[in-house]
Every structure is written in structure tokens, then in C-alpha cells.
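Note sheet for the following structure.
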Amino acid sequence: MKKKALALTMAALTAAGMIAGCGSAPAAATPESAEGGAAAQQQEEQGQAAVSGEVVELTMWGGWSGDQIAQLEEQLEGFNSSQDRIRITYMAQDTMEQKLLTAIASNEVPDIVLWDRFNTSVYAPKGALMPLDEYVERDGVDLGQFYEPAVEELQSGDALYGIPLTVDTRVIFYNKDLLEEAGVDPASITDWDSLEEAAVKLTKWDGSTMVQAGFSLKDAGLFNNWIAQAGGQMIDDSTNPPVTAFNSDAGLEVLDYWDKLLNEDKVYQLGFEDGLGGDGFKAGKVALTFNGPWVLEQYKEAGLNFGVIGQPEGPSGQKHAMMGGFGLAIPNGAKHPEEAWEFIKWWTMEPENGVEFCKISGNMPANKQAAEDPYFADDEVFSVFNEAYEYAGIRSKAFGYSDVEGLALIPQLQRFMAGEIDAQEALSTAQSQGDAILAEAAQQ
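Using mature numbering (1 follows the signal peptide of the UniProt record, and there is no 0), the letters of the sequence shown map in sequence onto residues -27 to -1, 1 to 417.
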């Protein structure tokens, strides 16, 4: 998302495991744990810098690239100009998490990482990140100022490995002009049934050619959200190792609903958006779609007349959304952890700075006080996202879960949607493959 990939590859996990398993990665550090050796030298250097008034140069790594680099640089300049002791520079990195483990092994780590929270349960046990609990306790930080799921996603075991920075989720975007033309009131779309009814009215065909899709069904990766609305779950983590739980009545209910939309109601056609730059909504040819705040600026620049409504209720009356987003973390072996912590506090715990970054980038803050700013509360789009965060949850933290989705489940869902297999075969095959992935991951 700005979005992270749906799955870590097995090769990446294997490589990361080799680095951690061979003892190259240092044991998890705490802010006050280092005595002697390199840590003592770091403390001495920091003390000398403080006495001399020398500026401490920090480096932040992250996977954000393209236009996002300029957005980050503008925010970092805000910090740099707010004081004269610390200067921070951003460096974009492909496959940042894997590179971080290699950097730790060679003692060449950055001071801060812009961290995809979803990766915490994979990389924190490998020694990639420094626990921040002692900093939080020392400075009396109230973690209640952040959305609880965002904090939870940065925890592994009994430790906290980052501070939430941004939150995102998906809601329904609708094209105001297309709904008005079809006589559909967006406020009427409240559950699966009314979503289906609206999608049917909004769909246009010219013979066998789709002209306008009522509702986009291009992303099978959203199954995790749908099944929660149906009252189901993706993983049963009450067992050891955890096992998949999506091959269930709730899972079948989701696929039956998708099948009805695709093959009976014909509100969407697979591949329809491929010739529209991958985003039929942006092209004005899809009336309803799920998307997140990261597309707001793009849609505005495209001149779209759009609005948003919250997630629909599932068959049992449940409303659910998946929360994602980023945090700021300090890698193990960082040379300037105190200064890095000062920067993290500035960005995440001073609400005005979170608001300012949203104005720059469209990213919404994980700090709830920042989210209550009139900039969000009085905006008809942002206010809907804020409501969604109140009922949003996070994806499973079971080790190997991302591969369950990316390597086992989603490929089978895509085969189902293409008509190659039926719903039960898709879920059963994905269950077998997913359980094997979870069992193997638990042994690493």
C-alpha cells in the first residue's frame, strides 16, 4: 500500500531464518542493556557529540518510493528544522526487511525503519528490531493514545517493537455521478443484500461486452475481510501449531456470494479492469469498489466525483474491516537509539505532526487525538475512515500467516473465481496447503 505485498516468499523466510539461526543477528537489545564493547563505544560517541554540540546524523530506511519519497522528505525536514541537535535522512530500500537482517549481521544498520506493522511477528523474533518497552516506561508513554489494533500488531511475545504511525483500511468508494444516474442512494448500501441490489442496478452490458461494472471483484485478497463479516475467521490459533479456519460455513458463504455476483448477477467480469490501467473506478467504469485512503489524492487528481461509505454488514449483522499501516521502529544495533526515539516521539506523539503528514501524503494517523482533528472529523471522506477504524481488526499474527494467504489461499480463490474449481475444492486445497505452511513455520 503504499501497500505491502500480500505474502512473504518462502525463500525470504528461509534466508531470514538462516541469518537469525546461525547467530549472526544479535540478541534482542533493550535501550539500557548494552555494557562494554560496541555499545559502550556508541554511548561514549553520543556523549562526546552532545558535549561538542555536534549534529547527530540519523538514517531512516523504508520501502516507500516514487512520489512518497518527496512526501517523507518534506515531513523529515519539518523535524530537522524543529531543533538543531538531530538531522534525519530517508533512504528508500527494496525488500527492506530482508536487507535489514543482512545489515544487522554486518553491523551496518540504519537508525530508524519505517516499518510495515504486519511484518513484526515475522522479523521481531529474528532479532531485527529493538524492544521499546523501557523507553515507553521511562518516558511515561500512554499507548492508549493509539488505535489498539495498531499497537497489538507491533507486539511480539511480551515486547513492543515499534510505535504506530499510520492506519489504513478499506471502505466502499462510490462514483456519485453513476449512482445518481442509476437512482441509487449510497446511504441505502448497508449490508450484503443491499450492496448486491445496488451493484445490479449499476451494471451495464452491451450484448456480451461489459460497459460498466457495478462492483469490483478483482481482489481475492479481500477474502479475509469478507469472512470476518460472515462471522468466520482465517486462523485458529488456539492450537499448537495454529491451523487454518477458513474452510468453514462462513468461508463457503463468502464464495457463494461472490459466485452469485459474478455468474448470476454478472455485476463484474474478470479482467474488466486490465484494459483500464488496473483501476476501473479511477477510469469511471466501475461504480463501487473497496479501496483505502492511499488512493484519495489519485482520485482527486483524476477529477472523480466520488464519495465513501463504510463496510457493509455481513449475513449475521457483523461489520468488520481490516486495519493495516506503518509504524516507526529502531533496528537492533542502531548507533543512535536515543536520538531515534526522540524523532519517533515527535512524529507519533505530537498530534499536529500526524495531521501535517496526512495533509502532505493522505496517510491517516494512528494517533487517535490527531485523528480527531477537524481536518479529519469535519471531512465527509476521512470521517468515514475514522468510523471504520473503530470496528477494524488486524490480520493473524501466527508465524507463516502471510504465506498462507499468498501461497495457499489466494491462488485457489483465483481458480475458483475463474470457474476452474468449485468453492469446496478451493477452500479444502488451501486448507491443506495452509496447514502445512503453518506447521513448517512453527518449527523454524
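C-beta atoms are modelled at their ideal positions from N, C-alpha and C, and glycine is treated no differently. Since the structure is predicted, the reported quantities are computational estimates derived from the model, not experimental observations.
Assigned exposure category for residue i - 16 Cβ within 10 Å defines buried
i       : result
ASP352  : exposed
LYS273  : exposed
ASN80   : exposed
LYS341  : buried
GLY(-7) : Its pLDDT being 35, under 50, GLY(-7) is placed unreliably by the model, and the measurement read from it follows with that caveat. Per the 10 Å Cβ criterion, exposed.
ASN148  : buried
ASP84   : buried
TRP199  : buried
ARG368  : buried
ALA101  : buried
SER375  : buried
ASN326  : buried
THR139  : buried
THR212  : exposed
GLN202  : buried
SER405  : exposed
THR182  : exposed
ASN278  : exposed
ASP150  : exposed
TRP178  : exposed
GLU126  : buried
Beta-carbon separation (whole angstroms), residue i vs residue j, contact threshold 8 Å
i      : j      : result
LEU168 : PRO347 : Not really, about 31 Å apart at Cβ, beyond 8 Å.
LEU87  : TYR134 : No, LEU87 and TYR134 are not in contact; Cβ-Cβ is about 14 Å, not under 8 Å.
TYR241 : LEU234 : 6 Å
PHE119 : ALA339 : 5 Å
ALA415 : PRO214 : 4 Å
ASP229 : ALA396 : 7 Å
ALA260 : LEU152 : 6 Å
TRP37  : LEU45  : 6 Å
LEU312 : VAL29  : This sequence places Glu at residue 312; Leu is not what is there. The Cβ separation is near 5 Å, so the contact holds.
PHE355 : MET337 : 7 Å
LEU243 : ALA391 : 6 Å
GLU47  : ILE333 : 5 Å
ALA218 : ASP209 : 4 Å
Beta-carbon spacing of residue i, residue j below 8 Å
i      : j      : result
ASN220 : LEU31  : no
ALA186 : GLY253 : yes
ALA294 : THR142 : yes
ILE282 : VAL144 : yes
GLY51  : GLU329 : yes
LEU386 : ALA193 : yes
ALA65  : GLY298 : no
LEU382 : ALA412 : no
TRP267 : GLY366 : no
PHE372 : SER94  : yes
PHE146 : THR262 : yes
LEU73  : ILE61  : no
MET103 : ILE303 : yes
ALA97  : SER129 : yes
GLU246 : SER189 : yes
PRO137 : GLY300 : yes
LYS239 : THR163 : no
Local conformation of residue i per DSSP, three classes
i       : result
ALA(-1) : For ALA(-1), the pLDDT reaches just 35, beneath the cut-off of 50, and the residue's location in the model is therefore unreliable, although a value from the coordinates is still provided. DSSP places ALA(-1) in coil when its eight states are reduced to three.
ALA260  : strand
GLU413  : helix
LYS370  : coil
LYS308  : coil
VAL354  : coil
VAL28   : coil
ASN336  : coil
ALA302  : strand
ASP179  : strand
PRO365  : Checking the sequence, you will find Ala at residue 365 rather than Pro. DSSP places ALA365 in strand when its eight states are reduced to three.
GLY392  : coil
PHE330  : helix
GLU360  : helix
LYS255  : coil
PHE245  : coil
GLU126  : helix
GLU323  : coil
GLY265  : coil
GLY250  : coil
GLU345  : coil
GLN397  : helix
Jot down the residue ranges of each uninterrupted beta strand (DSSP E) in the region 267 to 297, minimum 3 residues, whole runs only, in chain order.
-> 279 to 282
Alpha helix (DSSP H) runs contained entirely in the region 61 to 124, provided each spans 4 or more residues | 69 to 78, 93 to 96 and 106 to 111
List in chain order: all unbroken alpha helix (DSSP H) runs of 4+ residues lying wholly within the region 183 to 243.
-> 196 to 202 and 222 to 232
Any alpha helix (DSSP H) of 4 or more consecutive residues that is wholly inside the region 128 to 172 | 149 to 155
Whole beta strand (DSSP E) runs in the region 30 to 59 with 3 or more residues, listed along the chain?
-> none
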